[in-house]
Amino acid sequence: MFDPELFIAECQAALSTNDPQQVVLRLVRKAMTDVEGVKKALGVGEGALFQPLFRSPELTIANMCAAPGSTSPIHNHCMWGVIGVYQGQEDNNLYERNGDELNKVETRSLKAGESWAMPVNLIHAINNPKGHYNAALHIYGGDLVELPGRSLWNPESDVEEAYDIRQVLAYTEQLSQ
Ligand SMILES: [Fe+2]
């Protein structure tokens, strides 16, 4: 069964390989072969959107649970990421810069058991399109809370603002009511 402590240790070990993201992707894919085991190990699969399991300057591992219909503001990470969905569905709306504007280029739907490696230059918003909580493991190659120099886009004005995870969570609440 999924062992969070072992998973964290394996992700930390991945950092000293040539391609940490690919190694973490393999670890997440393996974990997603037993979504019930992940659910049992991490709890009920609902609650706070951002539940950090591990944080360092090089690595963030979080359990993320989004309420039914929940939508995040558009934001970037400026670091690699890997998502493994173990409950429900997580839709990723992907954007590209076009001058001062953003163009939506793709929607990537991830269902329970599916994993995805997010590129460093990703700009996205995540949405739970279903009527029940989704839950996913999110792993990032840096400190998702503190890394400076990132952006989020104000959902009302579309103005680019400095990324602040508290603001991401606050906008998510606003957008999800
Ligand atoms: Fe994100």
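For the sequence shown, position 76 matches number 1569 in this note's numbering, and the numbering has no gaps at all.
Think of the CB as a built atom: it goes at the ideal place given N, C-alpha and C, for glycine as much as any other residue.
* Contact between the segment 1502-1515 and the segment 1616-1627 (3+ Cβ pairs under 8 Å) -> Taking a cut-off of 8 Å for Cβ pairs, the segment 1502-1515 and the segment 1616-1627 do not touch, as fewer than three such pairs fall below it.
* **Same chain only: Cβ atoms within 6 Å of G1635, ignoring 5 sequence neighbours per side** => To locate residue 1635, count along the sequence shown from 1; it is residue 142. Here the set comprises M1572.
* Whole angstroms is fine: what's the gap from A1629's alpha carbon to G1592's? => Within the sequence shown, numbered from 1, the residue matching residue 1629 stands at position 136. Within the sequence shown, numbered from 1, the residue matching residue 1592 stands at position 99. Each residue's Cα considered, the two are about 33 Å apart.
* Asked: Span of the beta strand (DSSP E) holding G1577?
  -> Translated into the one-based positions of the sequence shown, residue 1577 becomes position 84. Run containing G1577: G1574 to Q1580, per the beta strand (DSSP E) assignment.
* Asked: In angstroms, rounded to a whole number, what distance separates the CA positions of G1642 and E1666?
  -> In the sequence shown, residue 1642 corresponds to position 149, counting from 1. In the sequence shown, residue 1666 corresponds to position 173, counting from 1. About 23 Å.
* E1649 (DSSP reduced to helix, strand or coil) -> The count along the sequence shown starts at 1 and reaches residue 1649 at position 156. Here E1649 sits in coil by DSSP.
* Expressed to the nearest angstrom, what Euclidean distance is found between the alpha-carbon atoms of G1581 and E1653? -> Your numbering for residue 1581 matches position 88 in the sequence shown. Your numbering for residue 1653 matches position 160 in the sequence shown. Distance between the alpha carbons of G1581 and E1653 is about 30 Å.
* Which residues DSSP lists as bridging M1494, in chain order -> As a working mapping, residue 1494 is identified with position 1 in the sequence shown. Beta-bridge partners of M1494 (DSSP): none assigned.
* In terms of DSSP beta bridges, what is K1604 paired with? -> Against the sequence shown, residue 1604 aligns to sequence position 111. As a beta-bridge residue in DSSP terms, K1604 pairs with Q1582.
* Among all the DSSP beta bridges, which residues are the ones paired with R1519? -> Counting from one through the sequence shown, the residue named residue 1519 turns up at place 26. Its beta-bridge partners do not exist; DSSP assigns none.
* Asked: Of the choices T1510, S1669 and E1529, whose alpha-carbon is the least far from that of A1605?
  -> Walking along the sequence shown from the start, residue 1605 turns up at place 112. In terms of Cα proximity to A1605, the closest of T1510, S1669 and E1529 is E1529.
* Looking only at C-alpha atoms, which of M1611, T1564 and R1522 sits nearest to N1627? -> Position 134 of the sequence shown holds residue 1627. Sorting M1611, T1564 and R1522 by C-alpha distance to the C-alpha of N1627 places T1564 at the top.
* Asked: Quick one, are the C-beta atoms of Y1588 and V1575 less than 9 Å apart?
  -> Position 95 of the sequence shown, counted from the start, is the residue given in the question as residue 1588. Position 82 of the sequence shown, counted from the start, is the residue given in the question as residue 1575. Taking the C-beta atoms as reference points, V1575 is found no nearer than 9 Å to Y1588.
* Asked: Hey, D1527 and M1494: beta-carbon distance below 9 Å or not?
  -> Reading the sequence shown from its first residue, position 34 is the one you call residue 1527. Reading the sequence shown from its first residue, position 1 is the one you call residue 1494. The answer is yes: Cβ separation under 9 Å.
* Straight-line Cα distance separating I1632 from P1550 -> By 1-based counting over the sequence shown, the position of residue 1550 is 57. By 1-based counting over the sequence shown, the position of residue 1632 is 139. Between P1550 and I1632, the C-alpha separation is close to 13 Å.
* Asked: Mapping DSSP to helix, strand and coil, what is Y1656?
  -> Within the sequence shown, residue 1656 is the residue found at index 163, counting from 1. The answer is coil: DSSP assigns Y1656 none of H, G, I, E or B.
* Which residue from V1531, V1521, M1525 and A1560 puts its Cα closest to that of G1540? -> Locating residue 1540 in the sequence shown gives position 47, counting from the first residue. Nearest option by C-alpha distance: A1560.
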